[in-house]
Amino acid sequence: MASVLSGLKIVEFEGLGPGPFCGMTLADLGAEVTLISRAGGPGGKAAIFNRGKKSIVLDLKKQTHIGAAIKIAAGADAIIEGLRPGVMERLGLGPDVLQAANPRLVYGRLTGWGQTGPLSSVAGHDVNYVSTAGAAWYASQAGSPPTVPPTMVGDIGGGALYLAIGILAGVMRARQTGQGAVVDAAI
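The numbering of the sequence shown is the numbering used here, which starts it at 287 and goes up by one.
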């Protein structure tokens, strides 16, 4: 029996935390996820999120490898990228370029603070997000200082899963209209 997302093709550009978790979740549901990683990438603990994925190593500072990434993306339904705002554009792999190669492509972006705004260029981690949002206060005992929740609430609940839902909605829309979309999930 086919999995629910059988036939869905996703390209994930290597990142940390919520991006790989999003790709793993979609792969677990049957999507074909191709991870574009770099030599000497995160590895180690991040490898747990690579289950069910195909993988290719590309040096995105080489033009021939950029061309290969564009070709791979041209055959995909969606992209997952979790780099800081502007990085993919500087590499020549932003939404405009990849959607020119594949107008039905859903370009999924995942950042801590969004593509624009006062914190968009600031690095973030789960503890930053849950503290800023007040979740650290909710996780604490009355009269005690704020406590970091035992799970990565921001990265997983507020990032990876929102992006997965956004990508799936975007793919449904692309199949109906023939037009891709950019999904921007800010943790």
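The beta-carbon is built from N, C-alpha and C at its ideal position, and this holds for glycine as well.
- Message: Can you give me the C-alpha to C-alpha distance between K357 and A425, rounded to a whole angstrom?
- Response: In a straight line, the C-alpha of K357 is about 46 Å away from that of A425.
- In the DSSP assignment, what residue or residues form a beta bridge with A471? The partner list for A471 (beta bridge, DSSP) reads L396.
- Item | At least 3 beta-carbon pairs within less than 8 Å: the stretch 351-368 vs the stretch 297-306 | Short answer: they touch.
- Task: Would you mind reading off the limits of the alpha helix (DSSP H) that contains L379?
- Result: Counting along the chain, L379 falls outside any alpha helix (DSSP H), and DSSP gives it neither H nor E.
- Task: Consider the Cβ of G420: report whether some Cβ of chain B lies at a distance smaller than 9 Å.
- Result: Absent from the structure is chain B; it holds one protein chain and no more.
- Which of the three DSSP states, helix, strand or coil, is assigned to A313? In this structure, DSSP gives A313 a helical state, which the three-state scheme calls helix.
- Count the other CB atoms, across all protein chains shown, that sit within 10 Å of the CB of K339; report buried if there are 16 or more and exposed otherwise. Counting the other CB atoms within 10 Å of its CB gives K339 a total of 16 or more, which places it among the buried residues.
- Query: For F249, which of I352, A386, G326, D314 has the nearest alpha-carbon?
  - Reply: Since the first residue shown for the chain is 287 and the last is 473, residue 249 is missing from the structure and cannot be characterised.
- Bridge partners of L321, per DSSP? Paired residue(s): E298, S341.
- Any 3 or more C-beta pairs closer than 8 Å across the stretch 451-467 and the stretch 384-391: At 8 Å Cβ cutoff, the stretches touch.
- Message: Which residues does DSSP list as the beta-bridge partners of A364?
- Response: The secondary-structure analysis by DSSP pairs A364 across a beta bridge with I296, V392.
- Message: According to DSSP, is P435 part of a helix, a strand, or is it coil?
- Response: Residue state, collapsed to three classes: coil.
- Message: In the DSSP assignment, the alpha helix (DSSP H) including Q462 goes from what residue to what residue?
- Response: Unbroken alpha helix (DSSP H) run through Q462: 447-463.
- From V392, S292, G394, L369, residue whose alpha carbon lies closest to that of S406: Considering only alpha carbons, the answer is L369.
- So, helix, strand or coil for G372, using DSSP? Three-state DSSP puts G372 in coil, outside helix and strand.
- Contact check, S289 vs G326 under 8 Å by CB: the rounded distance? About 32 Å; that fails the 8 Å criterion.
- Nearest to P432 by alpha carbon, out of S417, Y393, A446? Nearest of S417, Y393, A446 to P432, Cα basis: S417.
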